[in-house]
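Undergrad: Straight run, no breaks: the sequence shown in my numbering ends on number 572. Even for Gly, the Cβ is constructed at its ideal location relative to N, Cα and C. Take this structure, written in structure tokens, and hold onto it; I'll ask about it next.
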Amino acid sequence: MSDNGPYPQPPQFPQDGEGGSGGQPPYGGPYGQPGPEQGGPHPGQQYASGPYQAPYGGQNPGGQPGYPYGAAQQGGPQPGGPGYQPPHDQNMYAPPPGQPPYGGPGMPGGPGDYPPPQKKSSAGMWVVIGGGAVILILVIAVFIVVLRPSGDTSAAAPQQAEQSEADKPDADADSDGGDEPKADKGEPPYDLPEDACQTYTEDKLSEYAISDGSKNLSDNRSSCRWRVDGEGDTWGSFSLEYKTPYAGSDSVEGAKDDFKSAVKFVTDENNRYTEREVHEEQDVKLGDEAKLVFSTEKLTNSNYSVATLLVREGNINTEVKFQMSPGLGADESVPAPLKFSDVEDMMLDLGKQSLTPIGA
Numbered sequence: 213m214s215d216n217g218p219y220p221q222p223p224q225f226p227q228d229g230e231g232g233s234g235g236q237p238p239y240g241g242p243y244g245q246p247g248p249e250q251g252g253p254h255p256g257q258q259y260a261s262g263p264y265q266a267p268y269g270g271q272n273p274g275g276q277p278g279y280p281y282g283a284a285q286q287g288g289p290q291p292g293g294p295g296y297q298p299p300h301d302q303n304m305y306a307p308p309p310g311q312p313p314y315g316g317p318g319m320p321g322g323p324g325d326y327p328p329p330q331k332k333s334s335a336g337m338w339v340v341i342g343g344g345a346v347i348l349i350l351v352i353a354v355f356i357v358v359l360r361p362s363g364d365t366s367a368a369a370p371q372q373a374e375q376s377e378a379d380k381p382d383a384d385a386d387s388d389g390g391d392e393p394k395a396d397k398g399e400p401p402y403d404l405p406e407d408a409c410q411t412y413t414e415d416k417l418s419e420y421a422i423s424d425g426s427k428n429l430s431d432n433r434s435s436c437r438w439r440v441d442g443e444g445d446t447w448g449s450f451s452l453e454y455k456t457p458y459a460g461s462d463s464v465e466g467a468k469d470d471f472k473s474a475v476k477f478v479t480d481e482n483n484r485y486t487e488r489e490v491h492e493e494q495d496v497k498l499g500d501e502a503k504l505v506f507s508t509e510k511l512t513n514s515n516y517s518v519a520t521l522l523v524r525e526g527n528i529n530t531e532v533k534f535q536m537s538p539g540l541g542a543d544e545s546v547p548a549p550l551k552f553s554d555v556e557d558m559m560l561d562l563g564k565q566s567l568t569p570i571g572a
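What follows is the structure, encoded as structure tokens:
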């Protein structure tokens, strides 16, 4: 390898006739033009074709020989001519077939060395804007939720006042017995209470001088009967009875029919077996439907005061009955001992308590 690296050493010429060193003769004028010792073409004459003009060929013995060395003397193809192959050392640095030479458009060293700058995408900016909008909406929603209780305080106050007014007992309701205890009984049909005597506490029974209960239970009836101590020689009885329809204990429609029949019976003044005079008959706000009846009945030639409260709850009919005799030895000339005002509050009180075991 020469001092010039992998490039081949230019051929050396022997000494000329004038005693020169034999080195490479000086180059001529501008590239492609003959030197001072190279003859130029006559006026109107063209140089030979190829990358090197005629002065560099073998036609001028005083000029530079063709490149590579010896190619012109041996009659080989001239550079640029057909069949010309560059030397092996030059092939080492030739670009692969199909690749444009260095310095072409868009290549390093050529025009347009740097590619045009790419346009910045706006997708990132829209992502940032969208995320910020979502965060802002969430913040506003949280702010509204936090402030809502304080903003609804004024509206809640009138509602609470209205509820308080609604919770106050109604005078008309009290006169009708009031509303029954609000217990979650579920949906009918209900089971028949097995022990009617356990419906009332001892304190409640003592309040109305009721004692000595005796129960009775059958397939569709559950009842209890107590004794009542009256004033003087008067005496009476108190009874509680639960009943389901005989044809079908779960039938609500059957219970409705039984309720109508019971009301008709206690208000019948033309009963051939019992002489009865009805003094009061009123609807009561208990259960699904209720009726309170007060009358005078003639039993064993005596006038009895009788109060009957009938209540239907689903498929169960309840009868609360209180009666008082005029006393031992009293005949039909002795009036009944009680008035409606004497028993009204008691019947409503005991009627509400009678619904406690239903659906429990």
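Report the CB separation of residue 417 from residue 426 in whole angstroms; it is logged as a contact under 8 Å.
TA: With a Cβ gap of about 13 Å, residue 417 and residue 426 do not count as contacting.
Undergrad: For a quick check, are the C-beta atoms of residue 455 and residue 433 less than 8 Å apart?
TA: Yes. Within cutoff.
Undergrad: Residue 353 to residue 338, Cα distance in whole Å?
TA: Looking at the two C-alpha atoms, the distance is approximately 23 Å.
Undergrad: Excluding sequence positions up to five away, which residues of its chain have a Cβ less than 7 Å from the Cβ of residue 544?
TA: Correct list, in chain order: 510, 513, 514, 515.
Undergrad: Thinking just about the alpha-carbon of each residue, which of 405, 344, 347 is nearest to the one in residue 571?
TA: For the residues 405, 344, 347, the minimum Cα distance to residue 571 belongs to 405.
Undergrad: Buried or exposed: residue 560, going by 16 or more other Cβ atoms within 10 Å of its Cβ?
TA: It is buried - the Cβ of residue 560 has at least 16 other Cβ atoms within 10 Å.
Undergrad: Among all the DSSP beta bridges, which residues are the ones paired with residue 561?
TA: None; residue 561 has no bridge partner.
Undergrad: Consult DSSP for residue 567 and reduce its assignment to one of helix, strand or coil.
TA: Residue 567: coil per DSSP, three-state reduction.
Undergrad: Rounded C-beta distance between residue 429 and residue 532? I'm assuming under 8 Å.
TA: Incorrect: roughly 18 Å between the Cβ atoms, too far for contact.
Undergrad: Consider the C-beta atom of residue 557 and the heavy atoms of the ligand ADP; say whether any pair is separated by less than 7 Å.
TA: The model on display carries no ligand, and the ligand ADP is accordingly not part of it.
Undergrad: For residue 450, I'd like the list of residues in its chain whose CB is within less than 6 Å of its CB, leaving aside the five on either flank, ordered along the chain.
TA: Answer for residue 450: 422, 438, 440, 534, listed in chain order.
Undergrad: For the alpha helix (DSSP H) holding residue 417, just list the boundary residues, first then last.
TA: Here the alpha helix (DSSP H) through residue 417 covers 414-419.
Undergrad: Output the distance between the C-alpha atoms of residue 568 and residue 480, rounded to the nearest integer angstrom.
TA: Answer to the nearest angstrom: the Cα atoms are 30 Å apart.
Undergrad: Is the distance from the Cβ of residue 536 to the Cβ of residue 411 below 8 Å?
TA: Cβ atoms of residue 536 and residue 411: not closer than 8 Å.
Undergrad: In angstroms, rounded to a whole number, what distance separates the CA positions of residue 402 and residue 527?
TA: Taking the straight line joining both Cα atoms gives about 7 Å.
Undergrad: Less than 6 Å between C-beta atoms, sequence neighbours within five positions excluded: which residues of the same chain meet that for residue 400?
TA: Answer for residue 400: 464, 526, 527, listed in chain order.
Undergrad: Can you name the residues that DSSP bridges to residue 447?
TA: 441.
Undergrad: Could you give the distance in angstroms between the alpha-carbon of residue 552 and the alpha-carbon of residue 492?
TA: Near 7 Å, if we compare the C-alpha coordinates of residue 492 and residue 552.
Undergrad: Does the Cβ-Cβ distance between residue 546 and residue 521 come in under 8 Å?
TA: Contact flag unset, no.
Undergrad: Using the DSSP secondary-structure output, state which residues sit across from residue 422 in a beta bridge.
TA: 440.
Undergrad: Which residues bound the alpha helix (DSSP H) around residue 510?
TA: Looking at the DSSP string, residue 510 is not in any alpha helix (DSSP H); the run it does join, the beta strand (DSSP E), is 501-511.
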